[in-house]
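Engineer: Pasting a structure here, questions to come.
2 protein chains.
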Amino acid sequence: MNRNVVFTFFLFCFVTICRGSGTDIALDAKATLLHRIDSLNLLIYTCLLTLTVLTIWVFKHRRVSWLHETGLAVIYGLIVGAIIRYAGSTNHITHINVNPEPGTTYNLSVPPDMLRFHFPASLPITPGDSPIANKTYAYSFRGEIVNVEQNEIDLKATFDPEIFFNIILPPIIFHAGYCLKRKYFFRNLGAILTFAMVGTALSALVIGALMYGCVQLMPASLASSFTFLDTLYFGALISPTDPLTVLAIFSQLKVDVNLYAMIFGESVLNDAVALVLSGAIQNYETRYSHDGGFEISGFLGAIGDFIGIFSLSLLVGALMGCLTALMTKFTHVRDWPLLESALFVLMSYAAFLIAEVCELTGVVAVLFCGICQAHYTYNNLSSDSRNRTKQLFELLNFLAENFIFTYIGVSMFTFPKHHFDPWFIIAGFITSMLGRAVNIYPLSFLLNLGRKPPIPVNFQHMLFFSGLRGAMSFALAIRNTVSEARQAMLTTTSMIVIATVVLQGGAATHALDYLRIPTGQGSNEESEALPYRDPPDIGLGLRNLHAQGAFYQIHS
Amino acid sequence: MNRNVVFTFFLFCFVTICRGSGTDIALDAKATLLHRIDSLNLLIYTCLLTLTVLTIWVFKHRRVSWLHETGLAVIYGLIVGAIIRYAGSTNHITHINVNPEPGTTYNLSVPPDMLRFHFPASLPITPGDSPIANKTYAYSFRGEIVNVEQNEIDLKATFDPEIFFNIILPPIIFHAGYCLKRKYFFRNLGAILTFAMVGTALSALVIGALMYGCVQLMPASLASSFTFLDTLYFGALISPTDPLTVLAIFSQLKVDVNLYAMIFGESVLNDAVALVLSGAIQNYETRYSHDGGFEISGFLGAIGDFIGIFSLSLLVGALMGCLTALMTKFTHVRDWPLLESALFVLMSYAAFLIAEVCELTGVVAVLFCGICQAHYTYNNLSSDSRNRTKQLFELLNFLAENFIFTYIGVSMFTFPKHHFDPWFIIAGFITSMLGRAVNIYPLSFLLNLGRKPPIPVNFQHMLFFSGLRGAMSFALAIRNTVSEARQAMLTTTSMIVIATVVLQGGAATHALDYLRIPTGQGSNEESEALPYRDPPDIGLGLRNLHAQGAFYQIHS
Chain A
1 MNRNVVFTFF LFCFVTICRG SGTDIALDAK ATLLHRIDSL NLLIYTCLLT LTVLTIWVFK
61 HRRVSWLHET GLAVIYGLIV GAIIRYAGST NHITHINVNP EPGTTYNLSV PPDMLRFHFP
121 ASLPITPGDS PIANKTYAYS FRGEIVNVEQ NEIDLKATFD PEIFFNIILP PIIFHAGYCL
181 KRKYFFRNLG AILTFAMVGT ALSALVIGAL MYGCVQLMPA SLASSFTFLD TLYFGALISP
241 TDPLTVLAIF SQLKVDVNLY AMIFGESVLN DAVALVLSGA IQNYETRYSH DGGFEISGFL
301 GAIGDFIGIF SLSLLVGALM GCLTALMTKF THVRDWPLLE SALFVLMSYA AFLIAEVCEL
361 TGVVAVLFCG ICQAHYTYNN LSSDSRNRTK QLFELLNFLA ENFIFTYIGV SMFTFPKHHF
421 DPWFIIAGFI TSMLGRAVNI YPLSFLLNLG RKPPIPVNFQ HMLFFSGLRG AMSFALAIRN
481 TVSEARQAML TTTSMIVIAT VVLQGGAATH ALDYLRIPTG QGSNEESEAL PYRDPPDIGL
541 GLRNLHAQGA FYQIHS
Chain B
557 MNRNVVFTFF LFCFVTICRG SGTDIALDAK ATLLHRIDSL NLLIYTCLLT LTVLTIWVFK
617 HRRVSWLHET GLAVIYGLIV GAIIRYAGST NHITHINVNP EPGTTYNLSV PPDMLRFHFP
677 ASLPITPGDS PIANKTYAYS FRGEIVNVEQ NEIDLKATFD PEIFFNIILP PIIFHAGYCL
737 KRKYFFRNLG AILTFAMVGT ALSALVIGAL MYGCVQLMPA SLASSFTFLD TLYFGALISP
797 TDPLTVLAIF SQLKVDVNLY AMIFGESVLN DAVALVLSGA IQNYETRYSH DGGFEISGFL
857 GAIGDFIGIF SLSLLVGALM GCLTALMTKF THVRDWPLLE SALFVLMSYA AFLIAEVCEL
917 TGVVAVLFCG ICQAHYTYNN LSSDSRNRTK QLFELLNFLA ENFIFTYIGV SMFTFPKHHF
977 DPWFIIAGFI TSMLGRAVNI YPLSFLLNLG RKPPIPVNFQ HMLFFSGLRG AMSFALAIRN
1037 TVSEARQAML TTTSMIVIAT VVLQGGAATH ALDYLRIPTG QGSNEESEAL PYRDPPDIGL
1097 GLRNLHAQGA FYQIHS
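Line by line, the protein sequences are chains A and B.
Here the first sequence is numbered in the numbering used here, starting from 1 and rising by one per residue.
Here the second sequence is numbered in the numbering used here, starting from 557 and rising by one per residue.
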């Protein structure tokens, strides 16, 4: 976790005045200070989430429908991010420019992981009696400094992107798999797979190609920093859609179950597809292309990568799910529900980690692990564990999602590696819309040729309209910001996510009205095939509202 | 989170062979590699926890009583730690020695937060056409290198100690407060407060003084590196006891409720006392003492610190608890149980963070917040939220505790800042036992002068025997390892924790037998005053076994 520097300077002065002269004591004080800054960071997000929760409650209470909870989280994040950025802009962390020691040899083509900095005793840099003179300190690699003139290395209220992938994303994706409404999912499997697999790849390709064209028309400095692979990578990361906001409204208004299943199924799977796709592009970049160009053997290799990684990840997830099912079936661990729940959580998380360690895609693994856990393990669990695991993942999912959207807002102002490029941003908005259109309309046409109840035109419009971008796009974009091109992508992605979540999310209810999509259908028939029973309907209760809803009290 | 270096070298070679020539691509590959190493780290711990869970189940199933789950976690951790250490000892991370750029000025007495390392193009250090030549990289501060000859900076399977304090410890302490059996706690409040407050301070002082004496008798090099404040700090961190193992056995065997309440209450509070105490000693060190000596004004200041910080932290926690109670009482947020549970979790965590940010003690805040939440908020919650929060914290507590004990085992071998000093370790073992004796016997004698049912001698022996050291001692020791003295303390603390948990924890059942302490008392009467009802007794079910037990199904 990085350091918040807003208060560093003042605290630092305070500590500097108060402390004694020994370095150990100074280092003690510094460690304490850093701990407090970490805590402050976490406190900011905790307060933001609390505020979001309270506002959601007020909105639900007053039946406000023009702004959804995720939009709210983003807006609060933006406000606080702006405050953090402009309240403390004169402070900075201390730094020194260093050169390698004479006579050092180093011949790798990546920078070293660690610097060992010996503070000299005799140089004019520091008085000879300074407590830090003649000591050696370790410094670890953080990243490249692109703009050396930029004196300030801002690291305000930002988290290590690793935290997104290892901690925040898995519960969200697992929850999606664990509460998938299987009956309607499998009934619409053809459409879902077409949209998710073919559609996402198509959308990534179209966006990539269009963006490459746009970039070529732009000023030369910009054009040269983007290769075709870069724009294709952008296409892959901006293609997955986020179901959260729209589905929450669908659930609330009891929209047609087939439409619901299609949007949910597609968005669950296209997250996985986009992740594997972007990984394949990166691999292609690493292995085959030295100048970002295009080679046919590499292209086929990338397709092979994609298929191999996707199916192996699926296998890892499914195996771990089935293993848990066997463990819970053939042992009596269910007599100790706490152990059973712990086992369930640990095995599911292990599926994610095993896939990541094997250079597969953990998100795909954890998704299919979730589906298997719901399908097989769930029936073996004690009722206590069923309840506990569902409630646990529901809560984790809620907190993690709101955290991501808050963070997207905050990081818009505080993440140090943003690169605002108006042309790229405008092009990104237009092409991401076109990419969604290319995904939905032609594929719906093709599907309708063979599909028994065809997808009506207003459903197609709604599918197009539900193309909000969310957590996965952001996580992919922030994962890697080493080059200027990647930084411009992060900025554009953040803005697209914010705009679609706030505007499209807010307008979803009206879009349903406008497109005359039937609402108010019974949602109970939907749950019959599920292990979960829908909760009693309490007013506009979040029980139904929150995404896939049926994640409550069963067999009580 | 730090990096696991076991597989770094091989992976690195692989990546180096496969990748293209651009630095961006090399940095991409490096980021991917680091992500995989992070995942591997997490996977190791996940597998260890899974293994622990399964073994606990087998032990419970076969009614093995000579080894408790925490002992098990420690032993598994030790084994895996040894494997990690000795399997990959030839690998190391790349580093370079650097000097400040000529003409740099720097006049603070702490090392800079960040180094900016410019890779020169023309020096013999690297070929002129290297992709990293002429680029600038940022490096952040990690710590002091004490032994410059030690070429290898090991950072295997270790976590940032911040993670303990900000993520792992709060749920454990909150859970302790949230499920405190209030009736017997308040009935024995006098004894509990005496043991926790006076006893812990006395124990810290005795251990500190004895250790200082021991250190003076040792070789001169050792004696000079420890000041009296250092040994006093050691006294404070080794004084708190960990209830987990003993109480689990008590709960299982239905030991006398007063004894249970005393041990549980004491160990909950003495964690808080020790934390505040060690903070006061550190403050004293920082503010008043330049040579680790003793000044009377500083001593009084430290006592003032202690009282002030303890009561303010208590206040913060109690206020946040009451605020949550008011929010849940006077709003209708209970109509949306998910929002309510989220609010509950966020407010409780905010109590911890607010205290930490204000330089108070978050653990004390979150403990009293937990007590207030149980006392006031709990009754306002919807039954869904009651269930959910209890089950959530029970599971978090279980995972966090087992993680800590696993980590204690692993870090014994992998944490780079251990300093094995046999004299200090032996002295630590003896004095920590004496400190416990000084805590229990004289204070029991004093308490028995005024206490209505006096504390029998066998209870006193059992109180002495329950002085296992655990998570809090370890967390305090690993928090700060900047000097050699602190590193010796960490090593000694780890060994005391491991020995007491494995040996004393394993022998607790026999000690109960030997001391003829009545067991098999009805535990139901105990829960009458609680908001929680004890679960139905399923065999040796973990429901009763796990620590404070009564944390289940209510009002279903």
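C-beta: ideal position from N, C-alpha, C; glycine also.
1. May I have the straight-line CA-CA distance separating A/L180 from B/L605, to the nearest angstrom?
2. Cβ atoms of A/A191 and A/I455: under 8 Å apart, would you say?
3. Since I believe A/I75 is in contact with A/G409 (beta carbons under 8 Å), could you give me their beta-carbon distance rounded to a whole number of angstroms?
4. Starting from B/P656, trace the beta strand (DSSP E) in both directions and tell me its first and last residue.
5. Determine whether the beta carbon atoms of B/H674 and A/P112 lie at a separation below 8 Å.
6. Along chain A, in chain order, which residues have C-beta atoms closer than 7 Å to that of B/H617?
7. Express the C-alpha separation of B/L990 and B/H975 in angstroms, rounding to a whole number.
8. Going by DSSP, name the residue or residues bridged to B/H731.
9. Any C-beta of chain A sitting closer than 8 Å to the C-beta of B/E708?
10. From the DSSP output, in three-state form, read off A/R116 for me.
11. Taking just the CA atoms, how far does A/R469 sit from A/C369?
12. Between B/A906 and chain A, is the shortest Cβ-Cβ distance under 8 Å, so that the two count as touching?
13. Under 8 Å, CB to CB, which of the residues in the segment 44 to 74 of chain A have a partner in chain B?
14. Taking 8 Å as the CB-CB cut-off, is B/L725 touching chain A?
15. Residues in the segment 363 to 391 of chain A with C-beta within 8 Å of chain B's C-beta atoms, listed in sequence order?
16. Tell me whether B/H1139 is buried or exposed, calling it buried when 16 or more other Cβ atoms sit within 10 Å of its Cβ.
17. Between A/P111 and chain B, is there a C-beta pair that is closer than 8 Å?
18. Please classify B/R618 as buried or exposed, where buried requires at least 16 other C-beta atoms within 10 Å of its C-beta.
19. Would you mind sorting B/W622 into buried or exposed? The rule is 16 or more other CB atoms within 10 Å of its CB.
20. Report buried or exposed for B/R992, applying the criterion of at least 16 other Cβ atoms within 10 angstroms of its Cβ.
21. So A/T493 and B/A906 are supposed to be a Cβ contact under 8 Å. How far apart are they, rounded?
22. Which chain A residues sit within Cβ distance under 9 Å of B/L955?
23. Closer than 7 Å by C-beta to B/F862: which residues in its own chain qualify, once you throw out the five before and the five after it? Chain order, please.
24. Flag B/I859 as yes if its beta-carbon sits less than 8 Å from any beta-carbon of chain A, otherwise no.
25. Along the chain, where does the alpha helix (DSSP H) containing A/H418 start, and where does it finish?
26. Distance, Cα to Cα, A/F264 vs A/L247?
27. Measuring straight from C-alpha to C-alpha, what distance separates B/G1006 and B/F866?
28. Based on Cα-Cα distance, which residue from B/T887, B/D786, B/L909, B/P658 lies nearest to B/F840?
29. Can you pull the chain A residues whose beta carbon is under 7 Å from the beta carbon of B/D594, in chain order?
30. Using three-state DSSP, classify B/S696 as helix, strand or coil.
31. Can you round the beta-carbon distance between B/C928 and B/G877 to whole angstroms, since I take them to be within the 8 Å contact cut?
32. With three or more C-beta pairs closer than 8 Å as the rule, is the segment 914 to 923 of chain B touching the segment 869 to 885 of chain B?
33. Quick one: which residues of the segment 981 to 1000 of chain B get their C-beta closer than 9 Å to a C-beta of chain A? List them in chain order.
34. Tell me, please, whether the CB atom of B/Y734 is closer than 8 Å to any CB atom in chain A?
35. Tell me where the alpha helix (DSSP H) around A/G190 begins and ends.
36. Drop a sphere of 10 angstroms on the beta-carbon of B/E1081, count the other beta-carbons inside from all chains shown, and report buried for 16 or more, exposed for fewer.
Structural biologist: In short:
1. Reading the first sequence from its first residue, position 180 is the one you call residue 180 of chain A. Reading the second sequence from its first residue, position 49 is the one you call residue 605 of chain B. Using only the alpha carbons, I get a separation of about 28 Å.
2. Start at 1 with the first residue of the first sequence, and residue 455 of chain A comes out as number 455. Start at 1 with the first residue of the first sequence, and residue 191 of chain A comes out as number 191. Cβ atoms of A/I455 and A/A191: closer than 8 Å.
3. Numbered from its first residue, the first sequence carries residue 409 of chain A at position 409. Numbered from its first residue, the first sequence carries residue 75 of chain A at position 75. Contact between A/G409 and A/I75 holds: CB atoms are separated by about 7 Å, below the 8 Å threshold.
4. For the purposes of this step, residue 656 of chain B is identified with residue 100 of the second sequence, where counting begins at 1. Here the beta strand (DSSP E) through B/P656 covers 651 to 656.
5. Reading the second sequence from its first residue, position 118 is the one you call residue 674 of chain B. Reading the first sequence from its first residue, position 112 is the one you call residue 112 of chain A. Not closer than 8 Å, so no.
6. Residue 617 of chain B sits at position 61 when you count from the first residue of the second sequence. Below the 7 Å Cβ cutoff, chain A contributes H332 as neighbours of B/H617, in chain order.
7. Position 419 of the second sequence, counting from 1, holds the residue named residue 975 of chain B. Position 434 of the second sequence, counting from 1, holds the residue named residue 990 of chain B. When rounded, the distance between both Cα atoms is 24 Å.
8. Taking the second sequence and counting its residues from 1, one reaches residue 731 of chain B at position 175. DSSP, once it has assigned bridges, lists no residue as partnering B/H731.
9. Position 152 of the second sequence, counted from the first residue, corresponds to residue 708 of chain B. Reliability of the predicted coordinates at B/E708 is poor, the pLDDT of 43 falling under 50, and the value obtained from them is presented with this limitation in mind. No - not a single Cβ of chain A is within 8 Å of the one on B/E708.
10. Taking the first sequence and counting its residues from 1, the one referred to as residue 116 of chain A is at position 116. Residue state, collapsed to three classes: strand.
11. Start at 1 with the first residue of the first sequence, and residue 369 of chain A comes out as number 369. Start at 1 with the first residue of the first sequence, and residue 469 of chain A comes out as number 469. Straight-line measurement puts the Cα of A/R469 at about 24 Å from the Cα of A/C369.
12. Position 350 of the second sequence holds residue 906 of chain B. Answer yes: the Cβ-Cβ gap between B/A906 and chain A drops below 8 Å somewhere.
13. Taking a C-beta cut-off of 8 Å against chain B, the contacting residues of the segment 44 to 74 of chain A are T46, C47, L49, T50, V53, L54, I56, W57, K60, H61, listed in chain order.
14. Stepping through the second sequence from its first residue, residue 725 of chain B is reached at position 169. Closer than 8 Å to the CB of B/L725 there is not a single CB belonging to chain A.
15. Of all residues in the segment 363 to 391 of chain A, only D384, N387, R388, Q391 place a beta-carbon less than 8 Å from a beta-carbon of chain B.
16. Residue 1139 of chain B falls outside the range modelled here, since chain B spans only 557 to 1112, and no answer is possible.
17. Residue numbering aside, residue 111 of chain A sits at position 111 when the first sequence is read from its first letter. Output row for A/P111: interface = yes.
18. For the purposes of this step, residue 618 of chain B is taken as residue 62 along the second sequence, with counting starting at 1. By the 10 Å Cβ count, B/R618 comes out exposed.
19. Looking up residue 622 of chain B in the second sequence gives position 66. Burial check for B/W622: the Cβ neighbour count within 10 Å stays below 16, so the residue is exposed.
20. On the second sequence, residue 992 of chain B is found 436 positions in, with the first residue counted as 1. With 16 or more Cβ atoms within 10 Å of its Cβ, B/R992 is classed as buried.
21. In the first sequence, residue 493 of chain A corresponds to position 493, counting from 1. In the second sequence, residue 906 of chain B corresponds to position 350, counting from 1. Contact doesn't hold; Cβ gap of about 30 Å is too wide.
22. The residue given as residue 955 of chain B occupies position 399 in the second sequence. Contact note: B/L955 reaches chain A through A342, V345, L346, using a C-beta cutoff of 9 Å and chain order.
23. Here residue 862 of chain B corresponds to residue number 306 of the second sequence, with the count starting at 1. If we look at B/F862 and ignore the five residues flanking it on each side, its Cβ neighbours are V832, L833, A836.
24. Position 303 of the second sequence, counting from 1, holds the residue named residue 859 of chain B. At a cut-off of 8 Å between beta-carbon atoms, B/I859 makes no contact with chain A.
25. On the first sequence, position 418 is the one that residue 418 of chain A refers to. Counting along the chain, A/H418 falls outside any alpha helix (DSSP H), and DSSP gives it neither H nor E.
26. Along the first sequence, one-based indexing puts residue 264 of chain A at 264. Along the first sequence, one-based indexing puts residue 247 of chain A at 247. For A/F264 and A/L247, the distance between alpha carbons rounds to 7 Å.
27. Stepping through the second sequence from its first residue, residue 1006 of chain B is reached at position 450. Stepping through the second sequence from its first residue, residue 866 of chain B is reached at position 310. Each residue's Cα considered, the two are about 27 Å apart.
28. Looking up residue 840 of chain B in the second sequence gives position 284. In the sequence under discussion, the amino acid at residue 840 of chain B is Tyr, which differs from the Phe named in the question. For the set B/T887, B/D786, B/L909, B/P658, the Cα lying nearest the Cα of B/Y840 is the one of B/D786.
29. Along the second sequence, one-based indexing puts residue 594 of chain B at 38. Per Cβ cutoff of 7 Å: E162, N166.
30. Within the second sequence, numbered from 1, the residue matching residue 696 of chain B stands at position 140. Annotated three-state conformation of B/S696 is strand, per DSSP.
31. Here residue 928 of chain B refers to the residue found at position 372 when the second sequence is read from its first residue. Here residue 877 of chain B refers to the residue found at position 321 when the second sequence is read from its first residue. The C-beta distance from B/C928 to B/G877 rounds to 3 Å, short enough to meet the 8 Å contact threshold.
32. With a cut-off of 8 Å, the segment 914 to 923 of chain B and the segment 869 to 885 of chain B count as touching, because enough Cβ pairs lie within range.
33. Look at the segment 981 to 1000 of chain B: it has no residue with a C-beta under 9 Å from a C-beta of chain A.
34. Sequence index remark: in the second sequence, residue 734 of chain B carries index 178 (1-based). With its beta carbon at least 8 Å from every one in chain A, B/Y734 lies outside the interface.
35. Counting from 1 along the first sequence, the entry for residue 190 of chain A is found at position 190. Start and end: 189 to 193.
36. The residue given as residue 1081 of chain B occupies position 525 in the second sequence. Below a pLDDT of 50, predicted positions are generally treated as unreliable, and B/E1081, at 42, falls in that range; no measurement from the model is reported.
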